[in-house]
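All remarks here apply to the structure that follows.
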Amino acid sequence: MAGQTLYDKLWSQHLVKERDDGSALIYIDRQLLHEVTSPQAFEGLRLAGRKPWRLDANLATPDHNVPTTVKERAAGNAGIIDPVSLIQVQTLDDNCESFGIEEFRINDARQGIVHVVGPEQGATLPGMTVVCGDSHTATHGAFAALAHGIGTSEVEHVLATQCLIAQKMKNMRVRVEGKLGLGVTAKDIVLAIIGRIGTAGGTGYAIEFAGSAIRDLSMEGRMTICNMAIEAGARVGLVGVDDNTINYLRERPYAPSADHWDAAVDTWRSLVSDDDAVFDKEVVLDAAEIAPQVTWGTSPEMVASVEDVVPDPTVIGDDTVKRGVTRALEYMGLAPNQKITDIRLDKVFIGSCTNSRIEDLREAAKVAKGKKVADSIKLAMVVPGSGLVKRQAEAEGLDKIFLEAGFEWREPGCSMCLAMNADKLGAGEHCASTSNRNFEGRQGYGGRTHLVSPAMAAAAAIAGHFVDVRQFAQQPQEA
Amino acid sequence: MQQFTQHQGLVAPLDRANVDTDLIIPKQFLKSIKRTGFGPNLFDELRYLDEGYPGQDASKRPLNPDFVLNQPRYQGASVLLARRNFGCGSSREHAPWALEDFGFRVVIAPSFADIFYNNAFKNGILLIALDEATVDRLFQETEATEGYRLEVDLEAQTVTTPSGEVIRFDIDGFRKHCLLNGLDDIGLTLQEEGAIREFEQRHRQTQPWLFR
Ligand code: SF4
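Protein chains in written order, with my numbering: chain A, 6 to 484; chain B, 34 to 245.
Okay, structure coming up:
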């Protein structure tokens, strides 16, 4: 019999019951909650007179709606100017309080984007099943946890039963082999993968990311990659356990205590795919060939190398694709064959659950150090993923580097990743963004998003247009 | 959950691939803490010429005459025809809530994103995946024939066109069963309470660090 994939192992370790029709009941170890997708679930519980099955499996924090300016945040919930946002955050507070669920509230130092907070606290552990009413839950798979986004009805289902009705996915492995070039990061890897397999390429699959280039990545880098598995169509992204995983988790608040640590590590070591495991689909990329990536369109698969040009729809054969590209260029205000480096920017956003961890901020700061944001940039902002990331960055002096260069240094939250709070693009504005989605209107009505790595975003802020960060890093700034 | 057995309805063609959940219902409407009332903001950025925000009177907003759902011939449509990878993007269940609130009971496309697929079924919306060539043909027929209606029979797993052509579709047994009977799946799962408790106990013994 062939060996098991990591996904197979995680699946079978959580199987409560399998039904004849292929559906199964799987046990959920951790549910993360935020204010946008939970209110209707709590309401459902209340209406049905049900109670949460297991309180300690849940952890909540508001992130999508919270303001990120220092002034507003100082006032706590009262600083949320939009009354509808305020109700949503307040509702999360009330629900957590009345049901007894642990919550990191707005100005708790541990508050932040759920997908930054979970791993940072050690609340995401190898071998767990992790769910959240948010598609970027795939992030947590970097720890060899079976983690995926669910809808609000499922949030309610997990609260009430500690289980999820699920169907087994197929196995895909994406191997990235070799060494990344200088200035090329995890974000570029994942954008290149999406460019290769498309936004539906992973539909129905759990994707395991493997290969020497993935093993060389820090946990932050692996989280960036798993985070965007969903942009490749896969609900689940995974990386097997190694020393990096274990070292990251040591002494995190929710990690196993000293008396369980060794046993836990023993168990975790087995959370890798067996050598003879069979994958339904395999894709291999050469790390050395990946250049810094920039999306030019309105879907993450509409991506190119920074050295490239915007595509020309007239040479595309497939009708649906051609129409899609034409519409995207029109929305983005770009011309066919225009050089990526000629795209001028209005705003720059460094943040989101994809790229707001300490390593991301360090990379951006390295590029920004001693330079100035171009005059043509209306707003360049850095939004740390959590209060603890912010604190760490400040201890390292990164905030000063950003502020001196002309970036705004904000309070933690989702911010302009989806612009549910006050941070948004105006119509027609181009933004270099380290987030994960460039959909129409995502960052503001009529806004034009280009997805890039933190280093590329910082370089673009300084140049005022996209530049190849590989050359940029060495050059003195033009006057 | 709303029951689904048979449905006969007017078809509206949304000729666009990768329709994402941000397009189905933009984020400013996710601030609601209710499950209802999202219909007027379904496809908000395509449907209206102005920028939408919560609490507006939708009847006073300027409609985009070019958008398919605004065309007189598609008024009252309850079957949506779309292209591949429909529903990609976020896990927001507000997307199926908006489709349902607007009046759609069936969506037909070559493929759907995984999370959206789950969410739609939880809300009594039937998603039918048919091969590209068939979907293409349905697009042509819908656009060519005013008042084009399809008949969907979940029990038989068939779609019947006005010319009497019968197209079969696949659906997994559990979803079909829940949809046909309008079952509350939390109630169903709680019938397995014993099995869950037993699993939990074993799990706690082997990996005590997962419990606090
Ligand atoms: S940062 Fe963006 S993608 Fe991540 S959870 Fe927040 S809104 Fe979603």
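By construction, the Cβ of each residue, glycine as well, lies at the ideal position given by its N, Cα and C atoms.
As the structure is a prediction and not an experimental result, all values here were calculated from the model.
- For Gln-89 of chain B, no chain A residue has a Cβ inside 8 Å of its Cβ, as the nearest lies near 12 Å away.
- In this structure, the ligand SF4 has a non-hydrogen atom nearer than 7 Å to the beta-carbon of Leu-423 of chain A.
- The stretch 285-296 of chain A and the stretch 173-184 of chain A touch, with three or more beta-carbon pairs separated by less than 8 Å.
- Taking C-beta separations shorter than 8 Å and ignoring five residues to either side along the sequence, the partners of Met-224 of chain A in its chain run Pro-124, Ala-147, Phe-148, Asn-249, Thr-250 and Tyr-253, following chain order.
- Under DSSP, Phe-76 of chain B takes part in no beta bridge, so it has no partner.
- Annotated as proximal: Ala-46 of chain A and Val-160 of chain A, with beta-carbon spacing under 8 Å.
- Sequence-distant partners of Ala-128 of chain A (beyond 5 residues in either direction) whose C-beta falls short of 7 Å from its own C-beta, in its chain, are Arg-35, Leu-64 and Tyr-259.
- Annotation for Asp-68 of chain A indicates a beta carbon within 7 Å of some heavy atom of the ligand SF4.
- Two segments are said to touch when three or more pairs of C-beta atoms, one from each, lie closer than 8 Å; by this definition the stretch 187-206 of chain A touches the stretch 447-461 of chain A.
- The shortest C-alpha to C-alpha distance from Leu-47 of chain B to any of B:Gln-36, B:Arg-201, B:Leu-114 and B:Ala-228 is the one to B:Leu-114.
- Interface with chain B (8 Å Cβ-Cβ cutoff): Leu-130 of chain A is included.
- Under the DSSP assignment, Ser-438 of chain A falls in the beta strand (DSSP E) whose first and last residues are 435-438.
- Counting C-beta pairs closer than 8 Å gives fewer than three between the stretch 193-209 of chain A and the stretch 78-87 of chain A, which falls short of the contact rule.
- For Cys-358 of chain A, the shortest C-beta to heavy atom distance toward the ligand SF4 is below 7 Å.
- At a C-beta separation below 9 Å, Ser-28 of chain A has these neighbours in chain B: Asp-205, Gly-206, Phe-207 and Arg-208.
- Excluding its 5 nearest sequence neighbours in each direction, Leu-63 of chain B has C-beta neighbours in its own chain below 8 Å: Arg-125 and His-127, listed in chain order.
- Put simply, the backbone Cα of Pro-341 of chain A is about 5 Å away from that of Asp-317 of chain A.
- For Val-472 of chain A, there is no enclosing beta strand (DSSP E), as DSSP marks it with neither H nor E.
- The beta carbon of Thr-222 of chain B sits closer than 8 Å to some beta carbon of chain A.
- At least one heavy atom of the ligand SF4 is found less than 7 Å from the C-beta of Asn-441 of chain A.
- Neighbours of Pro-59 of chain B across chain A, judged by C-beta separation under 7 Å: Gly-446.
- The ligand SF4 has a heavy atom closer than 7 Å to the beta-carbon of Cys-419 of chain A.
- Ser-304 of chain A belongs to the set of residues whose beta carbon lies under 8 Å from a beta carbon in chain B.
- Listed along chain B, the residues sitting closer than 8 Å to Met-425 of chain A by beta-carbon distance are Lys-60, Gln-61, Leu-63 and Lys-64.
- Annotation: the continuous beta strand (DSSP E) that includes Cys-168 of chain A extends over 168-172.
- Inter-segment contact for the stretch 112-126 of chain A and the stretch 416-429 of chain A is present: three or more beta-carbon pairs are separated by less than 8 Å.
- The three-state secondary structure of Gly-156 of chain A, taken from DSSP, is coil.
- Judged by DSSP in its simplified three-state form, Ser-310 of chain A adopts strand.
- Secondary structure of Leu-37 of chain A (DSSP, three-state): strand.
- Assignment of beta-bridge partners to Met-337 of chain A by DSSP yields no partner.
- Set against 7 Å, the gap from the CB of Ile-118 of chain A to the closest heavy atom of the ligand SF4 is smaller.
- Taken from the Cβ of His-127 of chain B, every heavy atom of the ligand SF4 lies 7 Å or farther away.
- Among the residues facing chain A, Gly-122 of chain B is included, as its CB has a counterpart in that chain under 8 Å away.
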